[in-house]
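Engineer: Below is one structure. I have some questions about it.
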Amino acid sequence: MMKKTLRALARNKNLLVGGIMVLIVVVMALFAGLIAPYPYNEAHLLDKMKPPCAAYPFGTDDFGRDMLSRVIYGAQPALRVALLAMIIEMGIGITLGLIAGYYGGVVDHAVTFVGDLTWCVPPIVLTMAVITMIGKGLDNVIIATALVSWAQYTRIVRAKTQALRGMAFVETAVAFNERDSAILLRYILPNVMPSIIVLASLSIPQTIMSTTALSFLGMGAQPPSPDWGLALSASFRFITTAPWLAVFPGLALVFTVFAFNLFGEGLRDMLDPRLKV
Amino acid sequence: MGRYCIKKLLQGLLMIFTVSVLVFLMLHMMPGDPVDLMMDRKVDASKKEAMRVQYGFDKPLPEQYFNWLGGILHGDFGTSIRMRQPVSKLFQARIPVTLELCGIAMLLELVIAVPLGLLSAYKKDSLFDRIVMSLSLFFAAIPSFWTAVMLILIFGVTLKWLPISGFGSPSNYVLPIAAMVMGWTASSIRMTKTEVLDVLREKYVLTAYAKGLPHRSVMVRHVLRNALILVTVVVFMSIPWLIGGAVIIENIFVIPGMGSLLTQAILNQDFAVVQACVLLIAVLTVICNLMSDIITAILDPRIRASMGGGE
Amino acid sequence: MSVVIHTQDLTKRFQIAPGLFRRSARYVNAVDRVSLDIREGEIVGLIGESGSGKTTLARVLLGLTPATEGVAQVNGRDIVSVRRAELRKMREDVAVVFQDPAANLNPRQTVESSIIRPLVIRGMKKAEARRKAAEALEKVKLDASYLRAYPHQLSGGQQQRIAIARAMVLDPRIMILDEPTSALDISVQAQVLNLLLDLQEEYHLTYLVITHDINVIRYIADRIAVMYMGRLVEIGAADDVLEHPIHPYTINLEQFVPALDPNRRSDKRRSALTEEKTLASQRPDACILCESCPYAVDRCAHARPELTEYTPGHFAACNRRVNEDDSSK
Amino acid sequence: MNDALLEVNRLSVGYKVEDGWLSAVHDVSFAIRKGEFFALVGESGCGKSTIASTIMRLSLDHNERLEGEVRFEGHDLIRATEPEMEAIRGSGIGMIFQNPLDSLNPVYTVGWQIDEALRAGGMDARSARKRTVELMEAVQIPDAARRANAFPHELSGGMRQRVMIAMMLSRSPRLLIADEPTTALDVTVEAQILEIMKDMRDRTGASVLMITHNFGIVAETADHVGIMYAGELVECGSVYEIFARPSHPYSFALLNALPRRRKRDGRIQTIEGTVPRILGESRGCRFANRCPRAMDCCRTEAPPRRELGADHWMRCHLEVNA
């Protein structure tokens, strides 16, 4: 069993490389305190705006803060946002998808309509509208993102549930008196799970991209957070004098998004070979 | 076909109506007095009451809604409190700018993504396919705002070839559009390829070969023609994302379009503007979806049959 | 012998075209006034082509879809005027095996958890349920090592045996088998058919076997019921229905079944009595065959024939008594 | 065998899989005469469909390995170039598939799709449509002129399969391959489709290669029968011979597993065990592990071809008893 998994992993290069890259980001976030040379908001007043050098490999910003440390700590808000938003989206999306798909009828129409509503404004605009109401800040960005993006889970869970509901093993279970809750949790959900996992791994990078964009626009993370989007936004005015300030947080962001994309592609190849590109 | 279009149109109208109600309620769902929210500083009670009457906040909600909607239908989107101008006037100057940006970006995306996606699918596993796929995977991972920053750094700051902000001359378009297009084109290439590969696996492609059609006819009449249906969906689905992208890009390059207007309005809590922007963008998206539905129905007789109702 | 399944004018109506108002909607009767008695310990074969309503009838009898009107009783329990508790009780006596072996089992459950689940629902202790699962596997002639396997690790025949084992575990009195061997290869089909016959004899079960395959029906059924476009057109002892079919549809159907013998090849040109029809062309007050039947008389177009007993135990719904000469091929 | 239209000689097909080469077809030889109805029967996975698509060279995967030859009117199709195959497909060999809904392009009318085949043969658009309607009438599609403007999803399964037959007959091929053409259809419709195919064979003199798992269809239509097991052709003979004297232990068991009797006349036979999955080279007889009459040599030596009469042979170590 173990051997087989390893062999599959060796063949699936996307999964392997993506997995390792994701692991690096996760380690960066979890052990930032151990890896980073300085605390992220420690100002070295004598070393403001230093270009990359031995002491500060990524240079320092206008407060004299070490950019390497800030980039490493920046993994924390990025992953926190992605994870929390994903959990909320899944909670809403899967529940509604199961109910709409299994019971059909009016409930289904209602859920589908509300879901379609969230598609009819570009996600970033809708997120911004929600932020107008609940206010700026990273936590609000998480809530706004989740409120806007749950429908992608509903859509896929609903479709799969509808297909599974008519399958012989589900009908048989109904015929031997399985209760609805057990049908949904024991028979349908486990069979929808692979699709959910693939979707999650592909939507995490989207979430990271859009939330850093909001931070970049000043609606998300607020100073002195080491958030990459915020760092890019703060460094924008020094683009002519201190370009390293814009390069490194951006690279970290690209690395993270790329890692999850790769990992997600690999997962999809493994769990849903039909979609292999 | 007619019934199908009417059905889709009604669905779209219902959608827009619901969005308009939600947008209207935005102001009222917030904690606190709408008048307070609309003013940048504290005003005394009597003036507040006067404003309440002036804006009609003393009337029941449904009446307020229909007054608001009636205004919009007559081109009156309310007044921006921060900029002290009618919103419609702000729109007049800014909508064309955003449409222009998005239009050019979409055209470019189409011209680049569709052929590359097709070729990649057709020459699956070739060197060409591998290069295109690797590059697209990489570019899809770059957020547009960082692409913008890097483009500015390289072409604006270091090479000094192109202006980094402002709007007016053609050279102003190059960097913003490049930043908008890159990430989305990359994703669209991958989507197009998936769709074409799906068609290539269809049984009717075998039938086309079996009846003796030359390879090129099979590709053009059976593979391309059917992949077109799915590609249409991909293209129209990318429109909302392009608009979303424009919001960010306009801010970076200081372009006076809808996106920068919306961002400013949100940061300044300028509600009338936010409401009008969101509603307008929603209408645009619904229209795009409607067009996508109708075009797919024209291209695919099965959809006409299944959605038209009746046998 | 007592009657275990009894239906009287059982009807299941579906809406086919959605109407804006109730009046403009169009309906068809997927099951159209079917009256059927199945006695304890017999194997009734229900035969029909796609769209004949045979699967819908099974689903109604299993309580998977509610009937529109009429009477349906299983073991004396009424399942049309459903009360949930009643339905749950009824289901304890009836087990089901569907056609597609791969779809019959939950892909994410081991064979053992699939089999013990019905027992656990009934409140049996896990340990005892496991013991019964092993027994059930023995009944279907598989060894206990398969308990830990997942469905995708098994062949189609093995999957189908496990579906049968799961049906058997509750000691049902009635089994509804919906095309139980249609998806299987010939050699595996033989194994499963023999297994079903062995189980039926040993445990004195009652089977309702639904299939489109006359050869399978001929092999296992005691009585045969023929359905066409929602209606039961003929029912009787297997020999009677196969050797002396009465209803023109049955005669037609049997003519079209390829003989498993090249010497009995029918080289004469055969004309189809039935074009492929959809239920939408159903007419409530006429015989379903009235337009194409060579024996049709005037009455057929405006009187729906009722099931009539021709010879003892052999019923058909035809307006015109067909001569013995015409029916023997 | 001068009148052979198609000769398959020692054909082997292997597929590259994770753990080696999967032997899908191994050392298969048979011939189809002009005007003959040849049925290739076997259970799922026996390689019968692989043979069909190999003859047409329709495999889209590039991970296969072909050995041996397939001679169609003297040309070896295994070594034919793609343009040569394009010239043979349609006008030399036509093929119809199992599920007629998947096999027709959903976005074109059925008439257009038949026209297209005719136009590929050089006909102009107007005479093509006229011929299309004639062809549709020939396969007994009622109201053909109107039905030609229907989309595939608007027709019933039987009508779709008739359209497929009309399309494949449009350029008068000498061989029609039918891969499980009636599996998705009801028996009455099946009988009609088979009738149309026999009728077409009688009228045009084309040969038919029927791929099926259904012995009823074989008995009803075939002149010659080949029985396949695990990628090998184990027995071949006239339909009367095969049904009267099935000689290979597998053929014998298979024919006795058919539910031809009633239960009171005794149980039908079964074949225990499962089909082996064969990677790389195999030695011996592939049926040996399930064969009730297997001997030691069956597991080590390839079974020889034994002649059982005119045009009737099997591959088995068993001696032929007179």
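Residue numbers (this note's numbering), protein chains in the order written: chain A, 298 to 574; chain B, 19 to 329; chain C, 36 to 364; chain D, 7 to 328.
For every residue, glycine included, the Cβ atom is placed at its ideal position computed from N, Cα and C.
(1) Report buried or exposed for B:R102, applying the criterion of at least 16 other Cβ atoms within 10 angstroms of its Cβ.
(2) How is B:V92 classed by DSSP in three states: helix, strand or coil?
(3) Establish whether the CB of D:L260 and some CB of chain C are separated by less than 8 Å.
(4) Would you mind working out which of D:W319, D:N111, D:G51, D:H81 sits nearest D:G232, comparing C-alpha positions?
(5) Using the three-state DSSP reduction, which class does B:F271 fall into: helix, strand or coil?
(6) Would you mind working out which of B:P194, B:L137, B:M168 sits nearest B:I122, comparing C-alpha positions?
(7) Which bits of chain A does B:Q287 rub up against, with CB to CB less than 9 Å?
(8) Evaluate contact between the segment 262-279 of chain C and the segment 329-337 of chain C, counting only Cβ atoms and requiring at least three cross-stretch pairs below 8 Å.
(9) Spell out whether any CB of chain A is found under 8 Å from the CB atom of C:I156.
(10) According to DSSP, which residues form a beta bridge with D:S5?
(11) If you measure between the beta carbons of A:L313 and A:L306, is that distance less than 8 Å?
(12) At a CB-CB cut-off below 9 Å, which residues of chain A make contact with B:I99?
(13) D:F221 versus chain C: which residues are under 7 Å apart at the beta carbon?
(14) Taking the CB atoms as reference points, tell me whether D:G211 and D:R177 lie closer together than 8 Å.
(15) Could you check if A:L331 is buried or exposed, using at least 16 other CB atoms within 10 Å of its CB as the buried criterion?
(16) How is the alpha helix (DSSP H) around B:C23 delimited, first residue to last?
(17) Using CA coordinates, which residue listed in B:V292, B:Q29, B:L297, B:L298 is at the minimum distance from B:S98?
(18) So, at 6 Å on beta carbons, what are the nonlocal neighbours of B:E118 in its own chain, with the 5 sequence-adjacent residues on each side left out?
(19) What does the Cβ neighbour count give for C:H101, buried or exposed, with the cut at 16 atoms within 10 Å?
(20) In or out: C:N358 buried (at least 16 other Cβ within 10 Å) or exposed?
(21) Per DSSP, B:T165 is paired with what?
(22) With a threshold of 8 Å, are at least 3 pairs of Cβ atoms found where one atom belongs to the segment 129-141 of chain C and the other to the segment 164-172 of chain C?
(23) Taking 8 Å as the threshold (beta carbon to beta carbon), is B:G20 in contact with chain D?
(24) Please return the same chain residues whose Cβ sits closer than 6 Å to the Cβ of C:H282, not counting the five positions on each side in sequence.
(25) Counting only beta-carbon atoms, is A:I465 nearer than 8 Å to chain C?
(26) At a Cβ threshold of 8 Å, is D:F157 touching chain B?
(27) Return no unless some Cβ of chain C is closer than 8 Å to the Cβ of D:E264.
(28) For A:F355, return the contacting residues in chain C, with the cut-off set at a CB-CB distance below 9 Å.
(29) In this structure, how does DSSP classify C:K47 when only helix, strand and coil are distinguished?
(30) With DSSP collapsed to three states, give me the class of A:F254.
(31) Give me the subset of the segment 305-321 of chain B whose CB atoms are less than 7 Å from a CB atom of chain D, sorted by chain position.
(32) Say whether the segment 29-48 of chain D touches the segment 106-113 of chain D, bearing in mind that this needs 3 or more beta-carbon pairs closer than 8 Å, one atom from each stretch.
(33) Within 8 Å of any Cβ in chain D, is that where the Cβ of C:K364 sits?
(34) Opposite C:Y62 in the DSSP bridges: which residues?
(35) Between the Cα of C:E341 and the Cα atoms of C:S327, C:G348, C:A321, C:P347, which residue gives the shortest distance?
(36) Inspect the beta-carbon positions of A:L529 and A:A543 and report whether they are closer than 8 Å.
Structural biologist: To lay it out plainly:
(1) exposed
(2) According to the sequence shown, residue 92 of chain B is His rather than Val. Coil.
(3) yes
(4) D:W319
(5) coil
(6) B:P194
(7) T429
(8) no
(9) yes
(10) The structure shown does not extend to residue 5 of chain D, since chain D is modelled only from 7 to 328, so the question has no answer here.
(11) It is a contact, given that the beta carbons lie within the stated cut-off.
(12) None at all; the shortest Cβ gap to chain A is about 14 Å.
(13) L295
(14) Not a contact, by the Cβ cut-off of 8 Å.
(15) Exposed: under 16 other Cβ atoms inside 10 Å.
(16) 20-47
(17) B:V292
(18) none
(19) The residue you asked about is not His; residue 101 of chain C is Pro in the sequence shown. Per the 10 Å Cβ criterion, exposed.
(20) A caution first: C:N358 carries a pLDDT of 45, below 50, which makes its placement in the model unreliable, though a value can still be read off. It is exposed - the Cβ of C:N358 has fewer than 16 other Cβ atoms within 10 Å.
(21) None, per the DSSP bridge assignment.
(22) no
(23) no
(24) Cβ neighbours of C:H282 beyond the five flanking positions: V268, E269, A351, C353.
(25) Per the sequence presented here, residue 465 of chain A reads as Ala, with Ile not at that position. It does: the Cβ of A:A465 has a partner Cβ on chain C nearer than 8 Å.
(26) For D:F157, at least one C-beta of chain B is nearer than 8 Å to its own C-beta.
(27) One point to set straight first is that residue 264 of chain D is Leu, not Glu, in the sequence displayed. D:L264 counts as touching chain C.
(28) Here the premise fails: no neighbours, minimum Cβ distance about 47 Å.
(29) strand
(30) Any answer about residue 254 of chain A is impossible in this case: the structure gives chain A only from 298 up to 574.
(31) L317, D318, P319, R320
(32) no
(33) Reliability of the predicted coordinates at C:K364 is poor, the pLDDT of 37 falling under 50, and no value is obtained from them.
(34) C:Q50
(35) C:A321
(36) Yes, they are a contact pair.
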